Ligand code: B12
Ligand code: SF4
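In the numbering used here, the protein residues as written are 1241 to 1684.
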């Protein structure tokens, strides 16, 4: 079979400026499992106008696309074009949004919705399609029947992560030089664990991962890492250091491998506080930056999103990282009821804690999350394109114009005015970001 995997185009350039464009590890991982087929990967963030020419020259039997919520419209548009090019191509959609809201893909131009992890499901689907078997025997998918979605038997989570083949990074060779995060480029992505056992109300990964935390064999991780040419590495796990014993083992393996890279990964503040010695070790083998969800400055607000941390824990974690000279990318949630004093408090906090690259995310109720169930009736805009954490989806306490003015000011003050000498963004990038966002907010 000839399979074409697609990373949809970005609709919002500001996101690329802020968090970069990283490699589609999801598609590369799925492709790794398809060695008996011919596979091509089209990253439309870079090759937006190559869809038709790729379909013409490559002539795929199956097209699979990944989607997060804010890219729903883009993904649909791509699949619509694929179907109108040839209705005999099997169109498949997977990824977070497809898993959480499969009904959204009950559309003429979608043949199969893959729910959850795609490695085994997509492999079995391609085999069944090639052999012209009944697709409803494939677990973990939804098919259309009489205008409705028909769900096949549930697919269990992959117990043994070592059974997953290495990602096929050769498929992104052409674009690897552009994958970035701030000044870190080219950057490569890798995973060591999957899942998260916590239950933050705004987050969907604990729902898609069944709350289970699974680890990848350290030997496989090192084998994968050794194949990566890039110096900068981001580990995409939700909380790489969640399991002390595993993380210690992983650190030792990286240390003895002699591979020299610069790492950044995600970590919860309570995990950091529990085991600063572990971070010190990781620091020695190249950990330079930690991405952490501070989210809120008060315990009351932290409780409201079910974060399970406290302001004291957050503060302690930031101090530990500062003492270890590990750069911090702290994420904050901006709530619709924010007043000027709340924006000011975040700026003060970033200042006091000398946070070099804070990210301010508007509270976003992704469909399928606890937050969505709690607040869906209060959504004032259901256009999925706005579910990108840069837009407020609820009625703001402040007049909307003022709310966005203060919101932009958070970036202005954190990156341009001040204390922040070590930011990984150049002033002109932040100015460009602010300009783009301002234009965006002006039309709202
Ligand atoms: C790395 C990452 C990114 C990278 C980009 C990755 C990429 N593919 O291009 C960057 C930093 C650019 C990024 C950006 C954003 N991200 Co992001 N990101 C992640 C992160 C941390 C890891 C994803 C990953 O690579 N996992 C490893 C791979 C192997 O697994 P996977 O992605 O889960 O894919 C599996 C299944 O979903 C499925 N699957 C996925 N695609 C497909 C396609 C097919 C055809 C099939 C069959 C199956 C399938 O099979 C895969 C293998 O098991 C996740 C959190 C998480 N733990 O998932 C958030 C996450 C996906 N991001 C999220 C968000 C909100 C964003 C942003 C909108 C906002 C922001 N401020 O960061 C932007 C915009 C994204 C965009 N594409 O425009 C949310 C998505 C929520 C939602 N409902 O949309 C997540 C879940 C974080 C969270 N906890 O809320 N992100
Ligand atoms: S926000 Fe982080 S800690 Fe909370 S559930 Fe999601 S991945 Fe886990």
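All C-beta atoms, glycine included, are put in the ideal place defined by N, C-alpha and C.
All values reported here derive from a predicted model rather than from experimental measurement.
**Asked** Which residues count as close to the ligand SF4 when the rule is a CB under 5 Å from any of its heavy atoms, in chain order?
**Response** 1436, 1438, 1440, 1443, 1445, 1446, 1478
- Query: Tell me which same chain residues have a C-beta within less than 8 Å of the C-beta of residue 1648, skipping the five on either side of it?
  - Reply: 1674, 1677, 1678, 1681
inquiry  = Three or more C-beta pairs under 8 Å: does that hold for the region 1381-1395 against the region 1423-1438?
reply    = no
Would you mind reading off the limits of the beta strand (DSSP E) that contains residue 1533? 1527-1535
- Figure out for me which residue from 1271, 1443, 1520 has the closest Cα to the Cα of residue 1200. Summary: the structure shown does not reach residue 1200, with the chain confined to residues 1241 through 1684, and so no result is reported for it.
Need the endpoints of the beta strand (DSSP E) that residue 1382 sits in, please.
1381-1385
Check: Relative to the ligand SAM, is the shortest distance from any of its heavy atoms to the C-beta of residue 1415 smaller than 7 Å?
Finding: Absence of the ligand SAM is noted for the structure shown, with the ligand B12 and the ligand SF4 being the only ligands found.
Residues near residue 1447 in its chain [Cβ-Cβ closer than 8 Å; skip 5 each side]
1340, 1608, 1609
What first and last residue would you give for the beta strand (DSSP E) that runs through residue 1645?
-> Careful: residue 1645 lies outside any beta strand (DSSP E), inside the alpha helix (DSSP H) at 1640-1651.
Using the three-state DSSP reduction, which class does residue 1616 fall into: helix, strand or coil?
helix
Worksheet item: With residue 1375 and residue 1365 assumed to form a contact (beta carbons below 8 Å), what rounded beta-carbon distance in angstroms separates them?
Response: 7 Å
_Rounded to whole angstroms, what is the Cα-Cα separation between residue 1666 and residue 1593?_
21 Å
- Message: Can you tell me whether residue 1300 sits near the ligand B12, meaning its C-beta is under 7 Å from at least one heavy atom of the ligand?
- Response: no
> So residue 1583 and residue 1655 are in contact, right, with Cβ under 8 Å, and what is the actual spacing, rounded?
Replying inline: No, residue 1583 and residue 1655 are not in contact; Cβ-Cβ is about 15 Å, not under 8 Å.
*asked:* Tell me the residue span of the beta strand (DSSP E) that contains residue 1276.
replied: No beta strand (DSSP E) holds residue 1276; DSSP gives it neither H nor E.
Quiz prompt | Contact belief for residue 1335 with residue 1306 at Cβ below 8 Å, rounded distance in angstroms | solution = 4 Å
- Query: For residue 1247, does the three-state DSSP call read helix, strand or coil?
  - Reply: strand
From residue 1298 to residue 1242, what distance separates their C-alpha atoms? 8 Å
How many Å lie between residue 1549 and residue 1301 at the Cα?
-> 48 Å
Notebook entry, point to check: If we call anything under 8 Å between Cβ atoms a contact, is residue 1353 one with residue 1338?
Noted result: yes
ask   = Should residue 1315 be listed as close to the ligand B12, given that the test is whether its C-beta is under 7 Å from any heavy atom?
value = no
Can you check which of these residues, 1560, 1489, 1504, 1539, is closest to residue 1511 by C-alpha distance?
1560
**Prompt:** How about residue 1429: is its Cβ closer than 7 Å to a heavy atom in the ligand B12?
**Reply:** yes
* Asked: Going by the C-beta, is residue 1643 closer than 7 Å to any heavy atom of the ligand B12?
  -> no
Discussion item. Going by the DSSP bridge assignment, what does residue 1506 pair with across the sheet?
Written reply: 1531
ask   = Can you name the start and end residues of the beta strand (DSSP E) that residue 1567 belongs to?
value = 1567-1574
Suppose the cutoff is 6 Å on Cβ atoms and the five residues either side in sequence are ignored; what does the same chain contact list for residue 1644 look like? 1681
| request: Compare the C-beta of residue 1609 with all C-beta atoms of chain C and state if any pair is closer than 8 Å. | output: Judged by its chain identifiers, the structure shown contains no chain C, having just a single protein chain.
Going by DSSP in three states, residue 1540 sits in which element: helix, strand or coil? helix
- request: Return yes when at least one heavy atom of the ligand B12 lies under 7 Å from the C-beta of residue 1412, else no.
  value: no
**OP:** Please determine if the region 1354-1362 and the region 1276-1292 are in contact, where contact requires at least 3 C-beta pairs separated by less than 8 Å.
**Re:** no
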